[in-house]
Amino acid sequence: MKGTKVQFISKNFIRMILLLIAVSIVTFTLVSISPIDPLSANVGQAALGSMSQEQKEKLEEYWGVNESPVQRYLNWAGDFVRGDMGVSLLYRQPVTKVIAVKLSNSLFLMAIAWAISGVLGFMLGVLSGAFRGTWLDKLIQGYSLLIASTPVFWLALLLLLIFAVWMKLLPIGLSVPIGVEASGVTFFDRVQHAILPAITLSITGVSNITLHTREKMIDVMESDYMLFAQARGESRWSMIRRHGLRNIILPALTLQFASISEIIGGSVLVEQVFSYPGLGQAAVAAGTGSDVPLLLGITLVTAAMVFLGNFIANILYGVVDPRMRKGGTVS
Amino acid sequence: MNQRKKTLVIFVGAVLFLVVVTVAGVFCYDAARVTDFSRKNLSPCGQYLFGTDWMGRDMLTRTLTGLSMSILIGMCAASISAIIAFVLGVMAAVLGNKVDSVISFLIDMIMGIPHILLLILISYALGKGFKGVMLGVALTHWPSLARVIRGEVLQLKNSQYIQVAYRLGHSKMKVAMKHMVPHLLPQFIVGLILTFPHAILHEASITFLGFGLSAEQPAIGIILSESMKYLITGKWWLAVLPGIMLVLTVVLFDVAGGSLRKILDPSSAHN
Amino acid sequence: MSCQEKHHILEISNLSVSFRQYDRGTNQINLPVITNLNVSVHDGEIVAVVGSSGSGKSLLAHAILGILPYNASLAGEIYFNQELLTEERKKQVRGKEIALVPQSVNYLDPLMKVGLQVRNGDKSPGVMERMKALFRKYHLEQETENLYPFECSGGMSRRILLSTALMGNPRLIIADEPTPGMELSLAKKAMEDFRQFADEGNGVLLITHDIELALEVADRIVVFYAGTTVEEALVSDFESLEKLRHPYTKALWRAMPRNGFETIPGSQPYVKELPEGCVFGPRCPLFSEECEGEIPERVVRCGTVRCIKCEEDHSHHHHGREEAHTHAGS
Numbered sequence: 001m002k003g004t005k006v007q008f009i010s011k012n013f014i015r016m017i018l019l020l021i022a023v024s025i026v027t028f029t030l031v032s033i034s035p036i037d038p039l040s041a042n043v044g045q046a047a048l049g050s051m052s053q054e055q056k057e058k059l060e061e062y063w064g065v066n067e068s069p070v071q072r073y074l075n076w077a078g079d080f081v082r083g084d085m086g087v088s089l090l091y092r093q094p095v096t097k098v099i100a101v102k103l104s105n106s107l108f109l110m111a112i113a114w115a116i117s118g119v120l121g122f123m124l125g126v127l128s129g130a131f132r133g134t135w136l137d138k139l140i141q142g143y144s145l146l147i148a149s150t151p152v153f154w155l156a157l158l159l160l161l162i163f164a165v166w167m168k169l170l171p172i173g174l175s176v177p178i179g180v181e182a183s184g185v186t187f188f189d190r191v192q193h194a195i196l197p198a199i200t201l202s203i204t205g206v207s208n209i210t211l212h213t214r215e216k217m218i219d220v221m222e223s224d225y226m227l228f229a230q231a232r233g234e235s236r237w238s239m240i241r242r243h244g245l246r247n248i249i250l251p252a253l254t255l256q257f258a259s260i261s262e263i264i265g266g267s268v269l270v271e272q273v274f275s276y277p278g279l280g281q282a283a284v285a286a287g288t289g290s291d292v293p294l295l296l297g298i299t300l301v302t303a304a305m306v307f308l309g310n311f312i313a314n315i316l317y318g319v320v321d322p323r324m325r326k327g328g329t330v331s
Numbered sequence: 001m002n003q004r005k006k007t008l009v010i011f012v013g014a015v016l017f018l019v020v021v022t023v024a025g026v027f028c029y030d031a032a033r034v035t036d037f038s039r040k041n042l043s044p045c046g047q048y049l050f051g052t053d054w055m056g057r058d059m060l061t062r063t064l065t066g067l068s069m070s071i072l073i074g075m076c077a078a079s080i081s082a083i084i085a086f087v088l089g090v091m092a093a094v095l096g097n098k099v100d101s102v103i104s105f106l107i108d109m110i111m112g113i114p115h116i117l118l119l120i121l122i123s124y125a126l127g128k129g130f131k132g133v134m135l136g137v138a139l140t141h142w143p144s145l146a147r148v149i150r151g152e153v154l155q156l157k158n159s160q161y162i163q164v165a166y167r168l169g170h171s172k173m174k175v176a177m178k179h180m181v182p183h184l185l186p187q188f189i190v191g192l193i194l195t196f197p198h199a200i201l202h203e204a205s206i207t208f209l210g211f212g213l214s215a216e217q218p219a220i221g222i223i224l225s226e227s228m229k230y231l232i233t234g235k236w237w238l239a240v241l242p243g244i245m246l247v248l249t250v251v252l253f254d255v256a257g258g259s260l261r262k263i264l265d266p267s268s269a270h271n
Numbered sequence: 001m002s003c004q005e006k007h008h009i010l011e012i013s014n015l016s017v018s019f020r021q022y023d024r025g026t027n028q029i030n031l032p033v034i035t036n037l038n039v040s041v042h043d044g045e046i047v048a049v050v051g052s053s054g055s056g057k058s059l060l061a062h063a064i065l066g067i068l069p070y071n072a073s074l075a076g077e078i079y080f081n082q083e084l085l086t087e088e089r090k091k092q093v094r095g096k097e098i099a100l101v102p103q104s105v106n107y108l109d110p111l112m113k114v115g116l117q118v119r120n121g122d123k124s125p126g127v128m129e130r131m132k133a134l135f136r137k138y139h140l141e142q143e144t145e146n147l148y149p150f151e152c153s154g155g156m157s158r159r160i161l162l163s164t165a166l167m168g169n170p171r172l173i174i175a176d177e178p179t180p181g182m183e184l185s186l187a188k189k190a191m192e193d194f195r196q197f198a199d200e201g202n203g204v205l206l207i208t209h210d211i212e213l214a215l216e217v218a219d220r221i222v223v224f225y226a227g228t229t230v231e232e233a234l235v236s237d238f239e240s241l242e243k244l245r246h247p248y249t250k251a252l253w254r255a256m257p258r259n260g261f262e263t264i265p266g267s268q269p270y271v272k273e274l275p276e277g278c279v280f281g282p283r284c285p286l287f288s289e290e291c292e293g294e295i296p297e298r299v300v301r302c303g304t305v306r307c308i309k310c311e312e313d314h315s316h317h318h319h320g321r322e323e324a325h326t327h328a329g330s
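Chains as they are written, first to last, in the numbering used here: chain H, 1 to 331; chain B, 1 to 271; chain L, 1 to 330.
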């Protein structure tokens, strides 16, 4: 029994590592085939001047024409594994350091949005699925479909317009110029500046979780065991409480962990609108400014977060579901 | 009027609206680029329903043109995506376990990179611009549809009547054409139409971030991105009205796809 | 409906169930799945409703319990203990006075332990005791309580489902294919528990496609064809072809292995394409023009039949009745 569990976890873990390697190869290939040469791009030129000899050599090692693409990838990957992601051309700092700062800003935002959209989406989805076809369901579904059709960045603009421009309740943005670190900002400032982006992300996140939870809830409501529960005289509320929630919680957790990718994607757009100095904004800056090392680093870090989320979801499933927990007669 | 007829009316209405917007947008292309400083910064009025911007360009024609560009690019890219989805989905279902697991690995990998980030990467790889958006959207929207197609084909493959058809000595090609295609086609078309709204949203998003169409084009992403600078001065119409039109377009695509599914899918018939 | 004057636990008259659906295109149609069905169950009786698989028999159970899907509509009357079962009353009696025994373990919540489900979440000592007693009665180990449904064997699940039904002290059990895919000898053994329950003065409505099993365990057989009851007969009537009333029942009889496996051509009509008049008409050897008119249900020899060709014959009347009693008592 224990063996299968260990096997299950290690299998999932190996798959995660393989996926990460695949992502790194694809990403590296993509930036390599780009006609945009990072070293001759404007920012790159400026960056070169301020770099140490050693850093320059390394850059040439990565992007130099003398080496084969495979060798270049291996050089880069070797350093990456050792924790050296290279030097950001834009920020003129090690990529690891840039990502650490930006990620801590973004995590704050994403964690709030993740929690709010998860809890709210779950509740709305369960209600909507359990009372399928009623006005409540139609209302929730209508809201979710409308939000799902709304571009995140436009929603951000709208909220900015309402709360910052018209009502003047919240600041318009942090407006930190590119290249300046967001240090020296107080915690209160941070919270104040994170409110609108977090709300925007939450509003968008809810719709997807709601729609998916609703689908699962409908499946559960149409199951044989729900029919039998009804035949045994259980009330609708009791059915939802005793069987519905029990059977929906696992798929919901999976959904919740799978939504990490979407939250990160959303944060890229939201941070751009609110000039929030997070990972998403850094990604956009890296793309516009041809900061290849930073772009590579951000892609891999976010992909790792997504895969880790999926990995945790799989493990949770294995631990919580008695059918997966083979022979588990735990009392 | 019963549900079924209502659904049909909704479908036709949504399609009509979208066609009108697209065609109108194409014809407005030149008008959308006319600058006239004698009429700049006008808020919405009878003559300029959506107002004008700081260069005196008519926002209604700009919005329509932007929408039609998004719709056309979105539809093109989504169609390429759907074809990829179809080919890979069928391959995964038909060519055995090894191919299946390779394709499922590929899907997991693509889903692993946040969508917008992958679009930025692809756009960067292709030197930004039109080609970048088109291929970016085309290469990233197939996984979910591929999964659906794979599931359908697997189910069909194992269904009794297909097995019987094989045993009767019908050739693979004949079985595929006679039994598989009629079953898959409706699924495929609905899946294709439901990919449109995503494609349109992502085209707008990536252009908004500056990785898509160039700034001279009146693309919807460009319009909204430019409006940001003027929001603080209270020119709300630059962002609000084009945005509402974009949401409406996406919603209508969703509605069209959803109602088409209701019409084609017999199992939803009692709804 | 038969000659017996016993107390009726369940009496269903002219029950019709139909589904709202969409035809090709945009026409909304009503799909009649059950039409003018009559069934009754008396004290101490097992009544088997026999019909081929997928003919909508389960909906009969769902109609009695008031758990039909939302797009179904219901007509006719159902009486339970001589009292009209309204939808409101159904809500009160289901799971208590009327219990369902479903087909398989799939009808249990896969993520909830068996004991909790049998007790329906009740943890009071009285309920605990009752469950333990039932488990003892049906040779289920007390540890069964802590198992998840997927950990139970087929035989265990069947007894668990029965215990579940008996927790509420019902007067009537509706068993919907309770022995799916079981061999006749095993199924017969499984049905002994139902016999015992009936012999305590209760009623069992057994819904099955297996006529052999029905003949072994039931007291009366109701033959279900194309959404309606074509005949209600005593088990003893199946001893010989002459005692049976409806041509379809006779066809069923001939199709039984011991009677020569002789099947008739054709298949049950789909509910959308029901023929005019007699539903069995197109496959009936006795078919004539009169059969296209209204076919009333008639009482013939202590049973009922929906056939205008069936002739009254009093010679078997008393014989059949006695047989039924002996069987019920055995």
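Note that the Cβ used here is the ideal one computed from N, Cα and C, for glycine as well.
Alpha helix (DSSP H) segment containing residue i, residue limits
i	result
Arg62(B)	59-94
Asn41(B)	No alpha helix (DSSP H) holds Asn41(B); DSSP gives it neither H nor E.
His42(L)	From DSSP, His42(L) is part of no alpha helix (DSSP H) but of the beta strand (DSSP E) over 28-42.
Gly129(H)	95-130
Leu157(H)	152-159
Asp254(B)	237-264
Glu271(H)	260-274
Glu192(L)	184-199
Gly129(B)	129-140
CB contact flag (residue i, residue j, <7 Å)
i	j	result
Pro170(L)	Glu97(L)	yes
Ser382(L)	Gly56(L)	Coverage of chain L is limited to positions 1 through 330, which leaves residue 382(L) absent and any answer about it impossible.
Ile120(B)	Phe211(B)	yes
Ile295(L)	Val49(L)	no
Arg132(H)	Ile218(H)	yes
Leu252(B)	Phe17(B)	yes
Continuous beta strand (DSSP E) stretch holding residue i: start and end
i	result
Glu45(L)	45-50
Ile174(L)	172-176
Ala99(L)	98-101
Gly203(L)	203-208
Three-way DSSP call (helix, strand, coil) for residue i in this model
i	result
Pro182(B)	helix
Val34(B)	coil
Arg220(L)	strand
Glu181(H)	Below a pLDDT of 50, predicted positions are generally treated as unreliable, and Glu181(H), at 48, falls in that range; the measurement from the model is reported next regardless. Of the three classes helix, strand and coil, the one that applies to Glu181(H) here is coil, per DSSP.
Glu83(L)	strand
Met1(L)	Note that Met1(L) scores 47 on pLDDT, short of 50, meaning its location in the model is unreliable; the coordinates nonetheless yield the value given after this. Note: Met1(L) maps to coil in three-state DSSP.
Met1(H)	With a pLDDT of 47 at Met1(H), under the threshold of 50, the modelled position of this residue cannot be trusted, and the question is left open.
Glu129(L)	helix
Ser225(B)	helix
Gly86(H)	coil
Asn14(L)	strand
Val230(L)	strand
Neighbourhood of residue i by C-beta, 6 Å cutoff - its chain only, sequence neighbours within 5 removed
i	result
Ile99(H)	Gly297, Val301
Residues near residue i by beta carbon distance below 8 Å, same chain, minus five either side
i	result
Gln93(H)	Val87
For the region 91-112 of chain H, which residues have a beta carbon sitting closer than 9 Å to at least one beta carbon of chain B?
Residues: none.
Listed in chain order, which residues of the region 237-248 of chain B have Cβ atoms closer than 8 Å to some Cβ of chain H?
Ala239, Val240, Gly243, Leu246, Val247
Mind listing which residues of the region 263-283 of chain H have their C-beta closer than 9 Å to chain B's C-betas, in chain order?
When C-beta distances to chain B are compared with 9 Å, the residues of the region 263-283 of chain H below that value are Ile263, Ile264, Gly265, Gly266, Ser267, Val268, Leu269, Gln272, Val273, Gly280, Ala283, in chain order.
Could you name the residues of the region 89-111 of chain B whose beta carbon sits closer than 9 Å to any beta carbon of chain H, in the order they occur along the chain?
Phe105, Leu106, Asp108, Met109, Ile110, Met111
Any residues in the region 195-213 of chain H with a beta carbon nearer than 9 Å to a beta carbon of chain B? Which ones, in chain order?
none
Could you run through the region 22-51 of chain B and flag, in chain order, every residue whose CB is less than 9 Å away from some CB of chain H?
Taking 9 Å as the Cβ-Cβ cut-off against chain H, none of the residues of the region 22-51 of chain B qualify.
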